[in-house]
Amino acid sequence: THKFWESQPVGQYKDIGNSSLTEGPIEPPTSLSEVKQEPYNLPALYEWTTCDMESDETCNEVYNLLKNNYVEDDENMFRFNYSQEFLRWALCPPGYYPSWHIGVRAKASQKLVAFITGVPARIRVRDEVVKMAEINFLCVHKKLRSKRLAPVMIKEVTRRVHLENMWQAAYTAGVVLPTPITTCQYWHRSLNPKKLIDVGFSRVGARMTMSRTIKLYKLPDSPATPGFRKVELHDVPAVTRLLRNYLSQFVVAPDFDENDVEHWLLPTDNVVDSYLVESPETHEITDFCSFYTLPSSILGNQNYLTLKAAYSYYNVSVKTPLLQLMNDALIVAKQKDFDVFNALDVMHNESFLKELKFGPGDGQLHYYLYNYRIQHALRPSELGLVLL
Ligand code: NHW
Ligand code: EN5
502 THKFWESQPV GQYKDIGNSS LTEGPIEPPT SLSEVKQEPY NLPALYEWTT
552 CDMESDETCN EVYNLLKNNY VEDDENMFRF NYSQEFLRWA LCPPGYYPSW
602 HIGVRAKASQ KLVAFITGVP ARIRVRDEVV KMAEINFLCV HKKLRSKRLA
652 PVMIKEVTRR VHLENMWQAA YTAGVVLPTP ITTCQYWHRS LNPKKLIDVG
702 FSRVGARMTM SRTIKLYKLP DSPATPGFRK VELHDVPAVT RLLRNYLSQF
752 VVAPDFDEND VEHWLLPTDN VVDSYLVESP ETHEITDFCS FYTLPSSILG
802 NQNYLTLKAA YSYYNVSVKT PLLQLMNDAL IVAKQKDFDV FNALDVMHNE
852 SFLKELKFGP GDGQLHYYLY NYRIQHALRP SELGLVLL
């Protein structure tokens, strides 16, 4: 059972299949004067802090908390290691609220021991565009786990979102909570199979040898599609048109404008890579693909410290077959020295995963909405949203 989640405006297990509950907000907004004015209480030894992510010192403290205490796989072999540049990019998009970057410090030592964040986003659910918070980077130091600190963090971020007159949120988790709008599968495409096997990320398959495995995953040295190049600032209007048109077919997707595309999809070194196809004849921009950089620490390996992983982000194929576009994405990721290319089975990704030699991982990702009911769970292919 879920003592905390049962008290929150989220889809509840007991309501599944109840067709008298219609789609939309679970609770109506209250007036801003009814929103609690003071922060929630923390245990006496701890205090709230707002983390200024533009400050190198604070960004480094957040980086270290997450590097040592954030998400691990189910066998505790790998832990996400979001870079400082990535955290700044993820947390400081157009119109962000500094007050939504919430830390907890030990009063005596001033050490940062917990964190949770929100960033604003417009998310479309069927025909409604809803202003939401995207909640991410919830982390409690390993030594402070299971003390019910997470519910306090969640209530405090909720309060600060309400103070900005927003009443819905979107989030993902590797754990099952009440109740997912969809459940996605992680898929992995080996780029550096020898290293992946050496660190225990993958195994030599049955009736395979190391050298046959290396050969299986070989890729060409350069992309195949004529006109395949990096996205540049002047491409933002064309990329925005392509992406908006593509995302309109999904049940849940972000409502991106040009400012959002400039922030989320222009290439940023070691954070996000984006490529497009410009027709060599007409100079028309016909297709687009992107991935973000999220390394993982390899826990307790003598030879290697980090696994360099690329994660599929937003991809749009109009003229170039999606299979060919994503093969080119694999090629440039390999050239940039990534060890593995990861993707979820969202949007049209299923159409290329098997053919491009991705294999299913042991992890799943559940997607949630806060204070917004969806009648039926979605198929992953009906979801047009990728959270970081
Ligand atoms: S998912 C990544 C979450 N972080 C990690 O997994 C890092 C490693 N783990 C930890 O740091 C991406 C701790 O284990 C955490 C829990 C902090 C996860 N989401 O303090 P207690 C995100 O960041 C519930 C939501 O004793 P703990 C998305 C759990 O079900 N709830 O546990 C974040 C239980 O409630 P229940 C989670 O292990 C979305 C309660 O917490 C959860 O010391 C947040 C136990 O608390 C999770 N990942 O700390 C929600 N993990 O009802 C945003 C556990 O079952 C909602 N729990 O008794 C929207 C807010 C904004 C609304 C605006 C209108
Ligand atoms: C919110 N932003 O479990 C994030 N990763 O499959 C929070 N497995 O990397 C939620 N266990 O299958 C995050 N290798 C939830 C995910 C947490 C991290 C996680 C999984 C996803 C993962 C790897 C390593 C497993 C190590 C042992 C995995 C198999 C790869 C193989 C390559 C060759 C073809 C078959 C598959």
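Numbering (this note's numbering), first residue to last: 502 to 889.
The beta-carbon is built from N, C-alpha and C at its ideal position, and this holds for glycine as well.
TODO: Could you tell me if residue 533 is buried or exposed, where buried requires 16 or more neighbouring beta carbons within 10 angstroms of its beta carbon?
DONE: By the neighbour-count rule (16 or more Cβ atoms within 10 Å), residue 533 is not buried but exposed.
- [ ] Give the single residue among 884, 544 and 540 whose Cα lies nearest to the Cα of residue 662.
- [x] Looking at the Cα atoms, 540 is the closest of the given residues.
Open item on the list: By DSSP's criteria, residue 733 is part of a beta bridge. Which residues make up the other side?
Closed with: For residue 733, which the question treats as bridged, DSSP gives no partner whatsoever.
Open item on the list: DSSP has residue 794 in a bridge; who is on the other side?
Closed with: In DSSP, residue 794 forms a bridge with 811.
Task: Assigned exposure category for residue 614 - 16 Cβ within 10 Å defines buried - done: Residue 614 should be labelled buried.
Task: Own chain residues within Cβ distance below 6 Å of residue 553, not counting five before or after - done: Closer than 6 Å at Cβ, skipping near neighbours: 559.
Task: Contact test: residue 640 Cβ vs the ligand NHW heavy atom, cutoff 7 Å - done: Residue 640: yes, Cβ under 7 Å from the ligand NHW.
- [ ] Spell out a yes or no on whether the stretch 797-812 and the stretch 838-858 are touching, meaning 3 or more CB-CB pairs, one atom from each, closer than 8 Å.
- [x] Between the stretch 797-812 and the stretch 838-858, the count of Cβ pairs shorter than 8 Å is three or higher; the stretches touch.
Task: is_contact[residue 526, chain B] using C-beta, thresh 8 Å - done: In the structure shown, chain B does not exist; there is a single protein chain.
Task: Check: residue 703 C-beta below 7 Å from any heavy atom of the ligand EN5 - done: Taking the Cβ of residue 703 as the reference point, at least one heavy atom of the ligand EN5 falls within a distance shorter than 7 Å.
Open item on the list: Distance check for residue 561 and residue 602, CA to CA, integer angstroms please.
Closed with: In this structure, the alpha-carbon of residue 602 lies about 14 Å from that of residue 561.
- [ ] Indicate, with yes or no, if the ligand EN5 has a heavy atom lying under 7 Å from the CB of residue 834.
- [x] Because no heavy atom of the ligand EN5 lies under 7 Å away, the Cβ of residue 834 does not count as near it: no.
Task: In DSSP terms, what residue 691 is bridged to - done: DSSP output for residue 691 lists 841 as bridge partner(s).
Task: C-alpha distance - residue 759 paired with residue 653, whole-angstrom precision - done: Cα to Cα, the separation comes out at about 36 Å.
TODO: Using 7 Å as the cut-off, classify the Cβ of residue 635 as near or not near the heavy atoms of the ligand EN5, replying yes or no.
DONE: No.
Task: For residue 832 and residue 691, believed in contact at Cβ under 8 Å, the rounded distance - done: Actually they are not in contact, since the Cβ atoms of residue 691 and residue 832 sit about 14 Å apart, beyond 8 Å.
Open item on the list: Taking the alpha carbon of residue 565 as the reference point, which residue from 702, 641, 770 and 650 has its own alpha carbon closest?
Closed with: Looking at the Cα atoms, 641 is the closest of the given residues.
Task: Candidates 523, 848, 864 and 645, of which the one nearest residue 818 by Cα - done: Cα-wise, what sits closest to residue 818 is 848.
Task: Contact under 8 Å by Cβ, residue 624 with residue 756 - done: Annotated as proximal: residue 624 and residue 756, with beta-carbon spacing under 8 Å.
- [ ] Ignore the nearest five residues each way along the sequence and tell me which others in residue 588's own chain have a CB closer than 7 Å to its CB.
- [x] The beta carbon of residue 588 is closer than 7 Å to those of 554, 560, 563 and 564 in its chain, skipping five residues each way along the sequence.
Open item on the list: Is the separation between the beta-carbon of residue 671 and that of residue 885 shorter than 8 Å?
Closed with: The Cβ-Cβ distance between residue 671 and residue 885 does not fall below 8 Å.
TODO: Quick one: give me the first and last residue of the alpha helix (DSSP H) that residue 762 is part of.
DONE: Here the alpha helix (DSSP H) through residue 762 covers 759-766.
Open item on the list: Rounded to whole angstroms, what is the Cα-Cα separation between residue 778 and residue 736?
Closed with: A straight-line Cα-Cα distance of about 11 Å links residue 778 and residue 736.
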